[in-house]
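Chains A and B supply the protein sequences, listed in that same order.
First residue of the first sequence: 251, per my numbering; consecutive thereafter.
First residue of the second sequence: 60, per my numbering; consecutive thereafter.
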Amino acid sequence: GDSVTQTEGLVTLTKGLPVMLNCTYQTTYSPFLFWYVQHLNEAPKLLLKSSTDNKRTEHQGFYATLHKSSSSFHLQKSSVQLSDSALYFCAFVSGSWQLIFGSGTQLTVMP
Amino acid sequence: GGIITQTPKFLIGQEGQKLTLKCQQNFNHDTMYWYRQDSGKGLRLIYYSITENDLQKGDLSEGYDASREKKSSFSLTVTSAQKNEMAVFLCASSNQNTLYFGAGTRLSVL
Numbered sequence: 251g252d253s254v255t256q257t258e259g260l261v262t263l264t265k266g267l268p269v270m271l272n273c274t275y276q277t278t279y280s281p282f283l284f285w286y287v288q289h290l291n292e293a294p295k296l297l298l299k300s301s302t303d304n305k306r307t308e309h310q311g312f313y314a315t316l317h318k319s320s321s322s323f324h325l326q327k328s329s330v331q332l333s334d335s336a337l338y339f340c341a342f343v344s345g346s347w348q349l350i351f352g353s354g355t356q357l358t359v360m361p
Numbered sequence: 060g061g062i063i064t065q066t067p068k069f070l071i072g073q074e075g076q077k078l079t080l081k082c083q084q085n086f087n088h089d090t091m092y093w094y095r096q097d098s099g100k101g102l103r104l105i106y107y108s109i110t111e112n113d114l115q116k117g118d119l120s121e122g123y124d125a126s127r128e129k130k131s132s133f134s135l136t137v138t139s140a141q142k143n144e145m146a147v148f149l150c151a152s153s154n155q156n157t158l159y160f161g162a163g164t165r166l167s168v169l
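Rendered as structure tokens:
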């Protein structure tokens, strides 16, 4: 069945370093992928979305490229800031038009 | 812009109690959702509704009822609260696949 996997539960980095959060998916339908970010005690908000193969999409310094050949949509940033500390969810639209979320990756950025 | 309002923000219940969570949106979106958020388990879909008076079950619908009496509101009922249950319930509405979430209702069951 449809599923999305985020392999890292916790990622801790020092400010200024690059980060990559992994996301892979499994579906028989044409994929539409999303990254949502949730800061502490706030609602999740859309960060990025894409359905175009091999095209980089960017927002607020974060970027991701949908690779259908490897079923991946990894989130990257070249230099993390303290304000990037948050919970990040990868998600995709399933064949039944439901949004399926991964288990989330908690990113903590240290000074 | 619009907003999604969830009430109450915090809900404390007793084992076996029936509890109702409410959600209002002013985006004029057709589709609304209820998700449950547990630590380390991501967001799991309980119910969604594609229009007024429509209800569709998600993967986690057992133990819950929902009601969409009008386009702007979507309520969720925990039919029998489980002892020591702790979770955040998130309401959302969508426009062309993009979800907009409320701030959540935090449930604790004593």
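Cβ coordinates follow ideal geometry from the N, Cα and C atoms, glycine included.
Can residue i and residue j be called in contact, C-beta distance under 8 Å?
{"i": "Arg-165 (chain B)", "j": "Val-147 (chain B)", "result": "yes"}
{"i": "Leu-80 (chain B)", "j": "Tyr-94 (chain B)", "result": "no"}
{"i": "Ser-353 (chain A)", "j": "Lys-100 (chain B)", "result": "yes"}
{"i": "Thr-355 (chain A)", "j": "Glu-292 (chain A)", "result": "no"}
{"i": "Pro-281 (chain A)", "j": "Phe-342 (chain A)", "result": "yes"}
{"i": "Gln-348 (chain A)", "j": "Gly-117 (chain B)", "result": "yes"}
{"i": "Ser-153 (chain B)", "j": "Gln-83 (chain B)", "result": "no"}
{"i": "Ser-134 (chain B)", "j": "Ile-71 (chain B)", "result": "no"}
{"i": "Ser-362 (chain A)", "j": "Thr-274 (chain A)", "result": "Since the displayed chain A opens at 251 and closes at 361, residue 362 (chain A) lies outside it and no answer follows."}
{"i": "Ser-253 (chain A)", "j": "Gln-276 (chain A)", "result": "yes"}
{"i": "Gln-96 (chain B)", "j": "Leu-149 (chain B)", "result": "yes"}
{"i": "Glu-74 (chain B)", "j": "Gln-141 (chain B)", "result": "yes"}
{"i": "Phe-86 (chain B)", "j": "Gly-61 (chain B)", "result": "yes"}
What is the DSSP secondary structure of residue i, counted as helix, strand or coil?
{"i": "Asp-303 (chain A)", "result": "strand"}
{"i": "Ser-333 (chain A)", "result": "helix"}
{"i": "Ala-162 (chain B)", "result": "coil"}
{"i": "Glu-111 (chain B)", "result": "coil"}
{"i": "Lys-265 (chain A)", "result": "coil"}
{"i": "Tyr-279 (chain A)", "result": "coil"}
{"i": "Asn-154 (chain B)", "result": "strand"}
{"i": "Lys-116 (chain B)", "result": "strand"}
{"i": "Gly-72 (chain B)", "result": "strand"}
{"i": "Leu-260 (chain A)", "result": "strand"}
{"i": "Ala-314 (chain A)", "result": "strand"}
{"i": "Gln-288 (chain A)", "result": "strand"}
{"i": "Thr-355 (chain A)", "result": "strand"}
My assumption, with CB atoms under 8 Å, is that residue i sits in contact with residue j. Please give the rounded CB distance.
{"i": "Ile-109 (chain B)", "j": "Asp-89 (chain B)", "result": "6 Å"}
{"i": "Leu-316 (chain A)", "j": "Tyr-338 (chain A)", "result": "Wrong, their Cβ atoms sit about 16 Å apart, outside the cutoff."}
{"i": "Leu-296 (chain A)", "j": "Phe-284 (chain A)", "result": "6 Å"}
{"i": "Arg-127 (chain B)", "j": "Leu-114 (chain B)", "result": "6 Å"}
Taking 7 Å as the cut-off, is the beta-carbon of residue i closer than that to any non-hydrogen atom of the ligand SAM?
{"i": "Pro-67 (chain B)", "result": "Because no ligand of any kind appears in the structure shown, any question about the ligand SAM cannot be addressed here."}
Checklist entry - Got a sec: which bits of the segment 281-297 of chain A sit with their beta carbon under 9 Å from any beta carbon on chain B, in order along the chain? => result Phe-282, Phe-284, Tyr-286, Gln-288, Asn-291, Glu-292, Ala-293, Pro-294, Lys-295 and Leu-296
Checklist entry - Going along the chain, which residues of the segment 75-94 of chain B sit with their C-beta nearer than 7 Å to a C-beta in chain A? => result none
Next on the checklist: Give me the subset of the segment 133-167 of chain B whose CB atoms are less than 9 Å from a CB atom of chain A, sorted by chain position.
Outcome noted: Leu-149, Ala-151, Ser-153, Asn-156, Thr-157, Leu-158, Tyr-159, Phe-160, Gly-161, Ala-162 and Gly-163
Checklist entry - Taking a cut of 7 Å between CB atoms, which residues from the segment 330-350 of chain A lie near chain B? => result Phe-339, Val-343, Gln-348 and Leu-349
Item to check | the segment 95-108 of chain B: positions lying closer than 8 Å to chain A by Cβ | outcome: Gly-99, Lys-100, Gly-101, Leu-102, Arg-103, Leu-104 and Tyr-107
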